[in-house]
Each structure stands twice: as C-alpha cells, then as structure tokens.
Amino acid sequence: MPTTDAAPSEQSTRDEILGLLKDGMDAVQTDIDAADPATTDEQRLQLRRYHELGYLANQYRKLQRDTDLDAMDDRLELLEEGLDA
Numbered sequence: 046m047p048t049t050d051a052a053p054s055e056q057s058t059r060d061e062i063l064g065l066l067k068d069g070m071d072a073v074q075t076d077i078d079a080a081d082p083a084t085t086d087e088q089r090l091q092l093r094r095y096h097e098l099g100y101l102a103n104q105y106r107k108l109q110r111d112t113d114l115d116a117m118d119d120r121l122e123l124l125e126e127g128l129d130a
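Each residue of the sequence shown is one higher than the one before, counting from 46 in my numbering.
See the structure below:
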C-alpha cells in the first residue's frame, strides 16, 4: 500500500476499515450465494442483501479512492520538491 502523509494511526485506521468493509462484503456475498429465496419474504431479504452489498462496495470504493488520492498528493509533492532543487 502506498505511503501517505496521513498519520500512521490514521493510515492503520483506514486499512482496518477497508478490511472490515471487505469482510462485510464477503459475508453478504456468501449469504447471497447460499440463499434460495422461495417465498416473498425470502426474496425481500435477498433484495436487502443486494442493497447492503452495493452500499458496502460503494463505501469501500470511496475510502480506497481517498487513499489513492493521498498517495498521489505525496508523489506530486516529491516531484515538486525535485523540480525546486
């Protein structure tokens, strides 16, 4: 994972949250794969699982994008420092 200007505790917290989101997505996907909705209630539950999976995936994507932007900002600063030298 790229190094960022974020404090080490902030980066480790971000990594921990990404891991939790990934674990959540895996668990919901397992539930989706194992389900065989036969009744209307089971179908509604399955639909909620799909919504939950989409929400978790979106949160993961947003946090990963923030991490990537921090890394690009660090690289830009290094390039600017190299040009100034």
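For glycine and all other residues, C-beta sits at the position ideal for the given N, C-alpha and C. This structure is a prediction, so every number in the text was calculated from the model and none was measured.
Take Tyr105, set aside five residues on each side of it, and the residues of its chain with a beta-carbon closer than 6 Å to its own are Leu66, in chain order.
Here the region 57-74 lies against the region 90-98, with 3 or more beta-carbon pairs under 8 Å apart. A residue is called buried once 16 or more other Cβ atoms fall within 10 Å of its Cβ, and Leu101 is buried on that count. According to the DSSP assignment, Asp111 belongs to the alpha helix (DSSP H) that extends over Thr85 to Asp129.
Here the alpha carbons of Leu63 and Pro82 stand approximately 30 Å from one another.
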